[in-house]
Amino acid sequence: MLITVDPEQSAQANPPRGLHPQPFVPGHSLGKPNDPALQKRILNDALALVRDAKEPGKIVGCDYGE
Numbered sequence: 010m011l012i013t014v015d016p017e018q019s020a021q022a023n024p025p026r027g028l029h030p031q032p033f034v035p036g037h038s039l040g041k042p043n044d045p046a047l048q049k050r051i052l053n054d055a056l057a058l059v060r061d062a063k064e065p066g067k068i069v070g071c072d073y074g075e
């Protein structure tokens, strides 16, 4: 499982599964450091992809608007 803010660059590595949390920037792929609830939500979504993703190699975008 890969969590990435740069899906185009990360796709070159061909990860088995990927999550692109939007609208975050490099260094903040789980959002703001003082928002543990949001970070937990993103991690839970990533783990759900590990369990439920049907298409290997796909990076799924998900909006967590700030």
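Residue 27 in our numbering sits at position 18 of the sequence shown, with consecutive numbering throughout. Beta carbons: idealized from backbone N, C-alpha and C, even for Gly.
- Every unbroken stretch of the beta strand (DSSP E) spanning 3 or more residues and falling wholly within the segment 17 to 47 is given here in chain order: 27 to 31.
- Ile68 is bridged by DSSP to Gly27.
- Distance from the CA atom of Pro24 to the CA atom of Leu11, rounded to whole angstroms, is 7 Å.
- Distances from the alpha-carbon of Lys63 to those of Arg50, Gly27 and Gln21 put Gly27 closest.
- Shortest Cα-Cα distance from Thr13 to any of Ala22, Gln21 and Ser38 involves Ser38.
- The criterion of a C-beta distance shorter than 8 Å is not satisfied by Val59 and His29.
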